[in-house]
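Visitor: In this note's numbering, the protein residues as written are 3 to 534.
(1) Taking DSSP as the reference, what is the three-state secondary structure of residue 14?
(2) Taking 8 Å as the cut-off, does the stretch 195-206 touch the stretch 277-287 (at least 3 CB pairs, one atom from each stretch)?
(3) Find out if the Cβ-Cβ distance for the pair residue 208, residue 90 is shorter than 9 Å.
(4) So residue 529 packs on residue 334, CB below 8 Å; how close in whole Å?
(5) Following the continuous alpha helix (DSSP H) through residue 540, name the residue where it begins and the one where it ends.
(6) Where does residue 495 land, buried or exposed, given buried means 16+ other C-beta within 10 angstroms?
(7) For residue 94, which option in 87, 80 and 85 has the closest C-alpha, if you only look at C-alpha atoms?
(8) Indicate the three-state DSSP secondary structure (helix, strand or coil) for residue 425 in the structure shown.
(9) Pull up the distance between the alpha-carbon of residue 330 and that of residue 249, whole angstroms please.
(10) Using the three-state DSSP reduction, which class does residue 29 fall into: helix, strand or coil?
(11) What does DSSP give as the partner residues of residue 507 in its beta bridges?
(12) DSSP three-state call for residue 541: helix, strand or coil?
(13) So, at 7 Å on beta carbons, what are the nonlocal neighbours of residue 292 in its own chain, with the 5 sequence-adjacent residues on each side left out?
(14) Excluding the five sequence neighbours on either side, which residues of its own chain have a C-beta within less than 6 Å of the C-beta of residue 40, listed in chain order?
(15) For residue 504 and residue 416, what's the separation of their Cα atoms in angstroms?
(16) Just how far apart, CA to CA, sit residue 348 and residue 53?
(17) Considering only the beta carbon of each residue, do residue 431 and residue 116 sit closer than 9 Å?
(18) Buried or exposed for residue 468, please, with buried defined as at least 16 other CB atoms from any protein chain shown within 10 angstroms of its CB.
(19) Look up residue 150 in the DSSP assignment and give the residues it is bridged to.
(20) Suppose only complete runs of 4+ residues qualify. What are the alpha helix (DSSP H) ranges in the stretch 443-472, listed by chain order?
(21) Which runs of the alpha helix (DSSP H) spanning at least 4 residues fall entirely within the stretch 295-339, listed in chain order?
(22) Can you tell which of 526, 135, 421 and 381 has the C-alpha that lies nearest to the C-alpha of residue 405?
(23) Short check: CB of residue 299 to CB of residue 73, under 9 Å?
(24) With respect to the alpha helix (DSSP H) encompassing residue 38, which residues constitute its N-terminal and C-terminal limits?
(25) Could you pull out every residue in the same chain whose Cβ sits closer than 6 Å to the Cβ of residue 165, ignoring the five residues on either side in sequence?
(26) Tell me the rounded alpha-carbon separation between residue 61 and residue 443.
(27) When DSSP labels each residue in this structure, what does residue 344 get in the three-state scheme?
(28) Does the structure place the stretch 268-277 close enough to the stretch 208-225 that three or more beta carbon pairs sit under 8 Å?
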């Protein structure tokens, strides 16, 4: 029988990428959820399209990566500044804002992940996520509008208006607000936001047209004409969006003329699908937690579209961080203090990404002249090498930078375990696939740790699995585990369910089982007594 605390579901407000990803993460941990969404269906606007390798690692663990087409291995997302697609081309840059890399450079690029990113439109990815969560028993209630939230020390009560206009109340154990930039939940909680703020209101037109012959390997176009400054990009399915850097409402003939101007010809058949109006801004909430309520995605941090994919991807990473912690607390294994680490770990990531957006060429123009731009950090550092700092780690070094490339870390607590290849049952797999995200794991090269883990598991409700490099799997990469994790052949690294290194020891201590038990109790916020 489940502990009483899990009889009430976790409520998620928002059936978007972040909300559905949260539901999928919680279902993986066998936590029941109810998703409340005010809209009747998935938005017609594709919106985001770039999903990063780290995001795909999470979907890999959730068992849906095979439904999401990855970009080709040699894919290099290019952007061109042009007069028009068929007119003069001024310059081309890569996704990261640098000159196009040569083939020779791309062959020596380090592989930091077993996954490649995905270039799938957001509406298509949301459909995949929605199908997956329904398959796993998640209750999605569309056309349910949240009007009020109350919480006490034991629960959250949400008042919603259903499709028939009836007001109902739903009680939950916790609530995740993934309801976007104009979050009703955040506003009800009166949580302020800080940051660059509103930059401009933009208009867009979504259309279908056969333009592949004019792309020349480029997917994004900055249209630069005296009377048209706009951004044109493809969703790789025949749909394109033209974004205007103004808040001018255009009728259909005017829109068609602008599309033709961006293409450079009026000979192409165009089907206008819909138009949009949206605010470009950058704001981060002052806290991501209020009691039993957590903000995630745009509700927590509204970041403008950028080449690093800091919008939707950051939100998906939020709920990956939060879900296992909610599961640990709801199971009775960990105390609620574990949940305090969510804000401590994820809000600095959002703040750093906010600053890094304005360190990049696309948005430097939006900085106040009195505000100097931050130093631009490497894209791989921002994607794979951001440091968490919270009470959920032992041995943190406060002097460390907040992000480095994975090969510049050496297994410090607060960093994510790096990807490296191992062989298991005569197959080459990533260590990330061996570890998974289901439980705590101790990685070592010493079989002695196996006995210590077994002894600890006999009495601890927080179970740890031992992965012995050299016994359970064989190291297949160049270099060494010691170099990557910073421990000797007898040392070990303790990994959280989300793959972050919570603690390490260079050598095996005299009483390894007791030491490990003490460490796990601290970093997992283990309950002193475990309910039967």
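Every residue, glycine too, gets a C-beta built ideally from N, C-alpha and C.
Guide: On the basis of the coordinates in this document:
(1) strand
(2) yes
(3) no
(4) 6 Å
(5) This structure leaves residue 540 out entirely; the chain is present only between 3 and 534.
(6) buried
(7) 80
(8) strand
(9) 47 Å
(10) helix
(11) 494
(12) Lying before the first or after the last residue shown, residue 541 is absent from the chain, which here runs from 3 to 534.
(13) 191 and 193
(14) 147
(15) 6 Å
(16) 19 Å
(17) yes
(18) buried
(19) 161
(20) 450-461
(21) 314-332
(22) 381
(23) no
(24) Here residue 38 belongs to no alpha helix (DSSP H); instead the beta strand (DSSP E) covers 35-39.
(25) 145
(26) 20 Å
(27) helix
(28) yes
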